[in-house]
Structures are given as structure tokens and as C-alpha cells.
Amino acid sequence: MKQTVIKKAFAMKQCSIDVRMVLVCALMYCATAGGADWGFDANIGIDHSDNWPNAIESADRKSDAAATLRLSGIVHQQLSENTAINLSLVADSAAFSRFSGLDNLGIGPRAHLRHKFGLGPEAPWTAVSLQALHRDYDYDDRDGWQYNAGLTAGKRIGERWEISGSVQYDRYEADNLQQAVLPGISSAAYDVAGWTFGAQAAFLLTEVDTLSISAFRRHGTVTAVTPPDFEILEYSSAVARDPVFSGNPIAYRIDADADTLSVHWSRAIGRHASINLGYAYRRTQGDEDLEAYVANMINFSVSYSR
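Read in order, the letters of the sequence shown correspond to residues 7 to 312 in our numbering.
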């Protein structure tokens, strides 16, 4: 049994290394290929949540706001009349007002391949994306690699509507493990993974204003940080000490389904910039014997793309 677990962990680690190598090689190829165009994206904003620890009890929920900055250097390569690929080097950071242990910087490559089935604005399209960021947290035990892979398909309907559906796989792998808190229970509380299925509808309110509504369901593992709780421990596959939220809390990894509903408004400013405001409500349910936890999230940002 132990050898099987070790082999599985080694295979996942090797797969992660392969993903990073593929992205880096693709980025180098497009950067040196003829006909490639260069671009730049920047996004600065504020993210607020009333439940950063993913706590069940209202007394354990912690709210905070984070200043965020995301920069991307992009190489654009047109592969055919209807197919294009963007290769990016991404730097993504967050600085929290109260809980500095969550401050982090993520750096890594991203690939986005988009294909359009036909000509004209109403032709359906599909896109595939891969991303691998290494996140360096102020609290070192949270450091690790964040992987995302997604498939999205969409279509414009008339002059104002656009609909899309997506499926995404995400995984986080911490660089190091703490010593076990409890004998026989893993300390890989931050190693989580899951599948997310979603749908979105966007409506062009004016020539410069767009309103979109999204619904997502994620099935997988999540990390919840609360004071020691034997009920949660019963359903946990990993536990670790986590002093980020002060006191003596414990990080638990549990299986859960998370449902997220969001509304987002964006206003274009000229050809290259936009201001964005969004609200999301998330309800996460673990085992039926556990209570669900909820979070309200607000985001404001300014984006620039060239």
C-alpha cells in the first residue's frame, strides 16, 4: 500500500514537471518563430472576502482585503486563419491588509490556444488553456505549484449576447510537508485538486458596458482553516498547523462540492483599458454530516492590454 502511494505521488510529480517543460518550450518556440507579435497585459485591483479561511462557524470566519497585481508578457502566433496561440510569462501577486501570511507572488508560464469554427462574429469558438505558477507565500509552508488546465467553448448570439461553457482541472502541490500533527494522518493539507464545470452569459449593455452572469460547480478537495475541531477531523484526509489566522488553528483537507454564482460588470476605456467590478457568492458543502460554509467575494480592478 505504501509503495503504491509513493509511486502515485512520483507519477504526479513527474507529470507536473512535464507540464512545466512543455509550456516553457512552447514559449521559447513562439518567441523565436517568425511572424510572432508581442503584447502586454496588466491588471491591478482589490479582492475582498468575508471568509478567507473557509471556516464553517461564523465566529471563525475572517474577512480581509488584498491588493492584487497581475502582469503578463505575451507572444501571439497566428497558426492559421482561424487558429491562434498566446504564450505568456505571468507574474501574479497579492498583498493582504490583515493576514500577511497569505501575501504571495506567483510566477510561471501560460498557454492559450483558440480556434474559431468559421468566419464572422457569430461563428462558434473553442479555447484550451494551460498554466503553471509557482507561488511563494509569506507563510513558507504554503509555498507550492499551482496548475490549471481548461477547455472553453462559446458562441456570440446576435449583436449583444455571448454564451460559453467550460470545464477546468486545478491542482496545488506544496513544496514541503510539515511534520505530522497526528500519527497516521498526512500533513499535505494544502495539496488540493478538483474539477470545475461552468456556464456564462454576457450581455452588451452599451457600446462600452458588458454585464455577465456565471455559475460554477467545483468537485474535489479544499483546505479549511479553523480551530481544532474533531468533527471536521473525522472527515479530513490531511491536517497541518496553520498560524496565518492567529491563535492555534489547524488546516484540514476535506472533500467538498463548491457552488459559485457571480455577476460581473466591465466598462471599456478606449481601445486598450477597462474597469471591472464583480460580486460572487460561494457555498461549499463537505460530507452531509458537516455544515456548509459560505463566502461573499467582491472584486474591483483596472485592466490594460496592448
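By construction, the Cβ of each residue, glycine as well, lies at the ideal position given by its N, Cα and C atoms.
Quick caveat, the model's predicted, so the values are computed rather than measured.
Own chain partners of residue i with C-beta closer than 6 Å, once the 5 adjacent residues on each side are dropped
{"i": "Tyr4", "result": "Because residue 4 is not part of the residues shown, which for the chain are 7 to 312, the question remains open."}
{"i": "Lys8", "result": "Confidence in Lys8 is poor, its pLDDT being 39 and thus under 50, which makes the residue's placement unreliable; the coordinate value appears in the next sentence. There are no such residues."}
{"i": "Asp47", "result": "Ser78, Ser311"}
{"i": "Asp43", "result": "His82"}
{"i": "Gln174", "result": "Gly156, Thr202"}
{"i": "Ser307", "result": "Asn49, Gly51, Asn282"}
{"i": "Pro59", "result": "Lys68, Val231, Phe251"}
{"i": "Ser103", "result": "Asp70, Ala71"}
{"i": "Asp263", "result": "His225, Gln291"}
{"i": "Leu267", "result": "Ala221, Tyr287"}
{"i": "Asp295", "result": "none"}
{"i": "Glu297", "result": "Ile62"}
{"i": "Gln84", "result": "Ala90"}
{"i": "His54", "result": "Ala71, Ile304"}
{"i": "Gly107", "result": "Asp144, Tyr145, Val250"}
{"i": "Val269", "result": "Ile219, Tyr285"}
{"i": "Asp313", "result": "No statement about residue 313 is possible, as the shown extent of the chain runs from 7 to 312 and does not include it."}
Strand pairing of residue i, partner residues [DSSP]
{"i": "Ile275", "result": "Ala279"}
{"i": "Lys4", "result": "Only positions 7 to 312 of the chain appear in the structure, and residue 4 is not among them; the question remains open."}
{"i": "Ile260", "result": "Val228, Ser242"}
{"i": "Phe286", "result": "Here residue 286 is Ala; the residue named in the question, Phe, does not match the sequence. For Ala286, which the question treats as bridged, DSSP gives the partners Ser268, Met303."}
{"i": "Ile50", "result": "Leu75, Val308"}
{"i": "Ser64", "result": "Ser64 pairs with nothing; no bridge assigned."}
{"i": "Gly150", "result": "Arg141, Ala180"}
{"i": "Trp58", "result": "None, per the DSSP bridge assignment."}
{"i": "Gly156", "result": "Ser135, Gln174"}
{"i": "Asp43", "result": "His82"}
Spatial neighbours of residue i in its chain, beta-carbon cut-off 8 Å, leaving aside the 5 residues before and after
{"i": "Ala61", "result": "Arg67, Lys68, Ala230, Val231, Thr232, Tyr299"}
{"i": "Ile105", "result": "First, the residue type needs correcting, since residue 105 is Phe and not Ile in the sequence shown. For Phe105, where only same-chain residues beyond five positions count, the Cβ hits under 8 Å are Trp58, Lys68, Asp70, Val250, Phe251."}
{"i": "Trp131", "result": "Arg120, His121, Lys122, Phe123, Ala159, Gly160, Lys161"}
{"i": "Gly4", "result": "Absent from the model: residue 4. The displayed extent of the chain is 7 to 312, so no value can be given."}
{"i": "Val96", "result": "Arg76, Leu77, Ser78, Gly112, Ile113, Gly114, Pro115, Arg116, Gln137, Leu139"}
Neighbourhood of residue i by C-beta distance below 7 Å, restricted to the same chain and skipping five residues each side
{"i": "Gly226", "result": "Val198, Ala199, Gly200, Trp201"}
{"i": "Arg247", "result": "Gln184, Val187, Ile256"}
{"i": "His331", "result": "Not covered by the structure: residue 331. The range shown for the chain is 7 to 312."}
{"i": "Pro234", "result": "Ile256"}
{"i": "Arg177", "result": "Tyr153, Ala199"}
{"i": "Val214", "result": "Arg273, Ala274"}
{"i": "Asp181", "result": "Asp149, Gly150"}
Whole-number beta carbon distance between residue j and residue i, since they are thought to touch under 8 Å
{"i": "Ala73", "j": "Ala101", "result": "5 Å"}
{"i": "Asp3", "j": "Gln184", "result": "Outside the displayed range of the chain (7 to 312) lies residue 3, so it cannot be described from this structure."}
{"i": "Thr216", "j": "Ala208", "result": "6 Å"}
{"i": "Arg166", "j": "Leu111", "result": "About 39 Å; that fails the 8 Å criterion."}
{"i": "Ser280", "j": "Arg289", "result": "Between Arg289 and Ser280 the Cβ distance is about 29 Å, and since that is not below 8 Å, they are no contact."}
{"i": "Asp98", "j": "Arg76", "result": "5 Å"}
{"i": "Gly284", "j": "Asn305", "result": "5 Å"}
{"i": "Asp109", "j": "Tyr143", "result": "7 Å"}
{"i": "Asp265", "j": "Arg223", "result": "5 Å"}
{"i": "Gly126", "j": "Gly171", "result": "21 Å between Cβ atoms; not a contact."}
{"i": "Trp151", "j": "Glu179", "result": "5 Å"}
Closer than 8 Å to chain D by CB, residue i
{"i": "Arg277", "result": "Going by chain labels, chain D is absent from the structure shown, which holds only one protein chain."}
Unbroken stretches of the alpha helix (DSSP H), 4 residues or longer, contained in the stretch 70–135:
none
Okay, do the stretch 114–123 and the stretch 138–146 touch, 3+ Cβ pairs below 8 Å being the bar?
yes
For the stretch 166–251, list the alpha helix (DSSP H) runs that are entirely contained and at least 4 residues long, ordered along the chain.
236–240
Three or more beta-carbon pairs under 8 Å between the stretch 181–198 and the stretch 154–168, yes or no?
The stretch 181–198, when compared against the stretch 154–168, does not touch it at the 8 Å Cβ threshold.
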